[in-house]
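Novice: My questions will all concern the structure given below.
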Amino acid sequence: RATPTRVIQLPTATETINYDVKAFGSSLPVKVMEALKKADADDQLSVQVDESGWAWLVHKERLIIWKIGQSAVAKLSLCKELQLPPSDFPWSSNLAAISCLNSSGEASSLQSLAIMVATSEGSVRYWPNLAHEGSYTDTFTDFGGSLCSFLTAVKGGSFILSSSRGQLVRLIPDGSGKIHQHALPQGQGMFSGIGRKVSSLLGILSPGSDAVISNVLWDRERSSFYVLTSSNLNKWEIDDSSERYILSWDINRILKEHVTDAIWGSESNYEDIKGGVNIQYMDLQHNRDGLVILAAAWHPGDRPCLVYYTLITVEDKGYQMSDDVVVEVTQYNPTFQSEDEVLCCLVVPDYFSHAAYLYKEDEVFACSTGTGRISLPQEKIIFGIQGDSILGAGSCNSLPIFFAKKSGLLTILSRENISVLPEDLEDALSSSIAGPRSESPAFDATGRLEIIAQEDKTKLLKAAFLQYCRKDIVNAQSLVIELFPSNTDLDSDVELDRAVTQISVDLMDDYPASDPRWAESVPEEAAGFSNTSLILLHQLEDKTKAHSFFIEFLHQVGVFERLGSFPVRGMPMATRLLLCEHAEKLAAAIVLKNHHSRLPELVNAAILMTLNKRECDVPASLTPADVFFREVSQIDSIFESLLEEEEQILKDMPIESVEWAQIVVNVNNIIKDMLQAACQYRQSRASLYKTGELPEREPEYIPWTASSGLRAAIARQHGIILKVVYPQVDSNLRSVVTEQLVALLDCFLDGYVAQLKSVDRLADQERYSSVEMEYVQKRSELLSPLLSLGQYQLAAALAEKYCDFDILVQMCEQTDNQARLQRYMTQFADQATFKICSYFCSVQNFSDFLFRWYLEKGKRGKLLSQPIAQHGQLASFLQAHEHLSWLHDINSQDFQKAHRTLQTLANMETRYFAKKKTLLGLSKLAALASDFSEDILQEKIEEISEQERFLLHQETLPEPLLAEKQLNLNDMPVLSASQLIDMFICDENRRANEYDFKKALDLLEYIDEEEEVDVNDLKLKILCKALQRDGWSCSDGRDDPIEASKDSIFVKILQKLLKEGVQLSEYLPEVKDLLQANELGNLKFNAYFAFVLKANYELYVQGQA
70 RATPTRVIQL PTATETINYD VKAFGSSLPV KVMEALKKAD ADDQLSVQVD ESGWAWLVHK
130 ERLIIWKIGQ SAVAKLSLCK ELQLPPSDFP WSSNLAAISC LNSSGEASSL QSLAIMVATS
190 EGSVRYWPNL AHEGSYTDTF TDFGGSLCSF LTAVKGGSFI LSSSRGQLVR LIPDGSGKIH
250 QHALPQGQGM FSGIGRKVSS LLGILSPGSD AVISNVLWDR ERSSFYVLTS SNLNKWEIDD
310 SSERYILSWD INRILKEHVT DAIWGSESNY EDIKGGVNIQ YMDLQHNRDG LVILAAAWHP
370 GDRPCLVYYT LITVEDKGYQ MSDDVVVEVT QYNPTFQSED EVLCCLVVPD YFSHAAYLYK
430 EDEVFACSTG TGRISLPQEK IIFGIQGDSI LGAGSCNSLP IFFAKKSGLL TILSRENISV
490 LPEDLEDALS SSIAGPRSES PAFDATGRLE IIAQEDKTKL LKAAFLQYCR KDIVNAQSLV
550 IELFPSNTDL DSDVELDRAV TQISVDLMDD YPASDPRWAE SVPEEAAGFS NTSLILLHQL
610 EDKTKAHSFF IEFLHQVGVF ERLGSFPVRG MPMATRLLLC EHAEKLAAAI VLKNHHSRLP
670 ELVNAAILMT LNKRECDVPA SLTPADVFFR EVSQIDSIFE SLLEEEEQIL KDMPIESVEW
730 AQIVVNVNNI IKDMLQAACQ YRQSRASLYK TGELPEREPE YIPWTASSGL RAAIARQHGI
790 ILKVVYPQVD SNLRSVVTEQ LVALLDCFLD GYVAQLKSVD RLADQERYSS VEMEYVQKRS
850 ELLSPLLSLG QYQLAAALAE KYCDFDILVQ MCEQTDNQAR LQRYMTQFAD QATFKICSYF
910 CSVQNFSDFL FRWYLEKGKR GKLLSQPIAQ HGQLASFLQA HEHLSWLHDI NSQDFQKAHR
970 TLQTLANMET RYFAKKKTLL GLSKLAALAS DFSEDILQEK IEEISEQERF LLHQETLPEP
1030 LLAEKQLNLN DMPVLSASQL IDMFICDENR RANEYDFKKA LDLLEYIDEE EEVDVNDLKL
1090 KILCKALQRD GWSCSDGRDD PIEASKDSIF VKILQKLLKE GVQLSEYLPE VKDLLQANEL
1150 GNLKFNAYFA FVLKANYELY VQGQA
């Protein structure tokens, strides 16, 4: 932990024995200093210091809020002055609270901070974004004459306002700026139905109407809100929008005897004294040992009458308070003056420490809660000698922070060089490195380390870590440099990865050797770390704290940047990410332990099943939970067992019983909360586990929350929820289990995103494609059933986050929500936008996906009826789909473009004759409707007409021929000129006449050069086929050859050619060529045929000349 360096020269600072009073952070903002300077002596000033790193000063009707921190560099821009609502009573910093808007809970800027303030009468003002101090909402809360005492920020950006008489109102701002408010439930705890007489015996009374609130406390980790009154301690559990009253603990009855006995128990007249003792409960804080209550006790009959300030620690066990109460009577016992003079406040700055600070206006008393083995020195630090006074206090970075009117922000630090590690870890770590092998090399500054075994390197790295924890950073760094010099070969870095991983695992899986129940169960080789916390939760918290110091140590001594990879689950993982995984598992283990307290039967059954699978023995002195929670690295093995226990209960229990569906709700909550705790840690602490420059090729990263076993477990639970439970339960339970399922699926899909990001590089494209294909398939399989059940909002939440466009489109189509479709087109307009939400998608954007979806589903009408705003995107998409783009062009009245597209499509069309003919017709209509100039239009019309004339040949093919060939004009392909000629002159065209053969001859002009056909040869073939259609014999007795052949098809063709003005001598082949053509068949050898043919040639060809 960094330590502030500026020492304030207070008159008392040099007189303190055990503590230093030091300035905290940079100098105060100018606005704050001006307010302090202008304040009159009798002006009421109050300050609040929030653990998120913000402080605020209230002076008259002004509130000044500013960012604080240990850096000596002032952040002048992070300071705002706000106007408070008018009031007839003094304003107080207790009636202001801030809420951090980002998910990490850290507000580093004004934009990420919301603030609410209240007056004593109940006027409330809310700023949703502190960057815009002019934008706020006012409302009023009516407590019926009682004055407001405290305003507290709680879950989901909401606040709780408390009156002096114990009335509580929840204030929940919404997105529009409106503030919704409702009273917290009173007296509806789990024992509310058992009668006042019995409940009073258990110490769980409803809040008394005459009770006065002393303080309130919000426990963010447990989502619990506590109210300390003059007689009771009350507790609520807070959800995002609802609250549940849990208990009211009668502190007067239960604690008075504990406190009285601790102070006066040894007095001979104790029985006479205890009836006259006065106790005042003044403040409430908490640390890892439980709730810490500050109480003051005095006996008016004592001479002198002293006020004994006492710290009472009691553990909250969920629905009841622990019977074990720790009472620490501090050495702070001033003479009693008056009840007003008794008032005192408490700061417990570090959740993991026993340090405590009592303060009044003119002095601070440093002490400890009495729950640790080592008590911190107790000492009074006086501020009031030169007129200074404390205006408020709090904690930041686990340090106590006090705001003094003259000196500004101060912190008080112990002068002892105490290790930052929890006491028992510190002791065990010291003993673990005191073996013979580490005595000489570890701390011998002059000796040189020779080749050291890996086990010793790990042990020596632990020694360096211990030195670091004792704030001996220089020697810690020297030892690490000597152990792992940075200029050595790669083997050294492999050893570093191995040692670092081993220590991290040791911290996670440490045996609590000092816990007497574990004494016989700790293997000799496991004496690396140990932990004497008898409470499992505290053991896990100790491990978490030690692990965070270990990460800090690796950064500080400069080895974190050098970490490479280490094998885990059968494949290498970046060591930095493996260290993060260990911390995530600790976070998940703490969540599971909290569920273990609430649901012992379920969790114990799953633990026992897990240990049996692992074949772990449970010593008689230990519980299965002790053994299971010791080995945090295996915490994920619980998931499969939870599902098996759940399935067994679903099978055994009758469906109509309450417990039947509740088991699924409970299992969902456990898995969901564990995974969310891990993912939240990973996201909020990502910067802690980053190296300055990531290597080009880190191994593929599959988080433990996305391991194959966990993916299978979530898929299995998906089936249980939707197939087994959902059909059987009412709408309320359906809503609960589907919302839980969405949270599970969120973790499932987030794991794939992390995996894909790790292989998104050129060298791994094949692997990336493979994982993406698997991801897309799984995403569809898991989200589609939500659509089928009509859970559209939940499906949409995940589909939007993970860019499942198919689900989004299906949902909009099923609900006919065109407005939502248009919103998605804007929201996912380009890749950059939606890479943030899901990182990848195989299509360019949502619009392209939607248009392609319409195409594939045959919904062309919807595709082409897009609003004008989408015309640009639609046109871009249709460039690759010309068969539809012309429709969009016509709709957009771009007729020239439509004409060009249609003509291109017609030229390309070969599959369907009818389609080609239609496209040409449409192309002509588009040209006529366009604004082409007259000349260009004429040219285009002529070009289309020429193509239509060619198509006319196919259109006029004889119907009998088409029937013979089993062809139909509507579905036959487009025939080339050669193919059409063959059709007209083929033998199947039995009724062929001069018109058919003339059409065949006309088609010769359409023969394309690319067809590689000799036109003259083809003409010869046509004429030969025509000649073969007639009988050429002289048996009819007519000697005149002209007369005999006048009805022949050949002669009729000649007559048509003459009519058209064709020069026959140029057009027809030579008569000798014709007579020698093989295509004539047997006619080649028919003398009469040759005679008649020559006669006709003379008549028509020579006659024309």
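Residue numbering for the sequence shown is 70 to 1174, as defined by this note's numbering. Note that the Cβ used here is the ideal one computed from N, Cα and C, for glycine as well.
1. Which residue wins for smallest C-alpha separation from A104, given the options G94, E130 and Y981?
2. Report yes or no: is there a C-beta of chain E within less than 9 Å of the C-beta of L1036?
3. Considering only DSSP beta bridges, list what A462 is partnered with.
4. State the start and end residues of the unbroken alpha helix (DSSP H) segment that holds T613.
5. Excluding the 5 residues preceding and the 5 following W729 in the sequence, name in chain order all residues of the same chain whose CB lies nearer than 7 Å to its CB.
6. CA-CA distance, D340 and M351?
7. Residue range of the alpha helix (DSSP H) that K224 falls in?
8. Which whole-angstrom value is the C-beta distance of S992 and H968, which I expect to be below 8 Å?
9. Three or more C-beta pairs under 8 Å: does that hold for the region 287-307 against the region 208-216?
10. Excluding the 5 residues flanking E1063 on each side, which residues of the same chain have their C-beta closer than 7 Å to its C-beta?
11. Classify V1170 as buried or exposed, calling it buried when 16 or more other Cβ atoms lie within 10 Å of its own Cβ.
12. Please check the pair A746 and V806, which I expect to be a contact at CB under 8 Å, by giving their CB distance rounded to whole angstroms.
13. Taking only three categories from DSSP, how would you classify G214?
14. Helix, strand or coil for P1110? Go by DSSP, reduced to three states.
15. What's the gap between the Cα of L230 and the Cα of A124?
16. Between which two residues does the alpha helix (DSSP H) containing Y861 stretch?
17. Does the Cβ of M772 have 16 or more other Cβ atoms within 10 Å, making it buried, or fewer, making it exposed?
18. Can you give the beta carbon distance from L216 to S232, rounded, assuming they're within the 8 Å contact cut?
19. From this set, D611, K1034, K247 and Y758, which residue's C-alpha is nearest Y580's C-alpha?
20. Nearest-angstrom Cα distance between Y1157 and P1138?
21. Can you tell me the Cα-Cα spacing of P159 and E290, whole angstroms?
22. Taking the Cβ atom as the reference point for each residue, do P854 and L779 lie within a distance shorter than 9 Å?
23. Relative to the C-alpha of S476, which residue among P446, C465, G453 and V346 is closest?
24. What's the C-alpha gap between P469 and C374?
25. For E508, is the classification buried or exposed, using 16 other Cβ atoms within 10 angstroms of its Cβ as the cut-off for buried?
26. Which residues share a DSSP beta bridge with Q152?
27. Can the beta-carbon of P1042 be found less than 9 Å from the beta-carbon of T979?
28. When the distance is taken between beta carbons, is M1052 closer than 9 Å to K1034?
29. For my contact list, L412 and E397 are in at a C-beta cut-off of 8 Å; report their separation, rounded to the angstrom.
30. Quick check on DSSP: helix, strand or coil for I167?
31. Tell me which same chain residues have a C-beta within less than 7 Å of the C-beta of F1160, skipping the five on either side of it?
32. I'd like to confirm the pairing. Which residues does DSSP put opposite Y295 in its beta bridges?
33. How close, in whole Å, do the beta carbons of E714 and L671 come, if the pair is a contact with beta carbons under 8 Å?
34. Sorted by chain position, which residues of the same chain lie with C-beta nearer than 6 Å to A568's C-beta, five sequence neighbours on each side aside?
35. Smallest Cα separation from A1146: which of K1115, K1088 and D1099?
36. Expressed to the nearest angstrom, what Euclidean distance is found between the alpha-carbon atoms of S121 and S467?
Specialist: Looking at the coordinates:
1. E130
2. In summary, chain E is missing from the structure at hand, where a single protein chain is found.
3. F471
4. L605 to Q625
5. L719, M722 and P723
6. The sequence given here has Glu at residue 340, not Asp. Cα to Cα, E340 sits roughly 26 Å from M351.
7. No alpha helix (DSSP H) contains K224, which DSSP labels as neither H nor E.
8. 5 Å
9. no
10. I1118, K1121, I1122 and K1125
11. buried
12. Contact flag wrong, Cβ pair sits at about 20 Å.
13. coil
14. helix
15. 19 Å
16. Y861 to K870
17. The sequence shown places Pro at residue 772, not Met. Its Cβ being crowded by 16 or more others within 10 Å, P772 is buried.
18. 7 Å
19. D611
20. 20 Å
21. 33 Å
22. no
23. G453
24. 30 Å
25. Any answer about E508 is weak, because its pLDDT of 34 lies below 50 and its placement is not dependable; what the coordinates show is given next. Exposed is the call here.
26. R131
27. yes
28. yes
29. About 19 Å separates the two Cβ atoms, so there is no contact after all.
30. strand
31. P1110
32. L286 and K304
33. 7 Å
34. K526, T527 and L530
35. K1088
36. 11 Å
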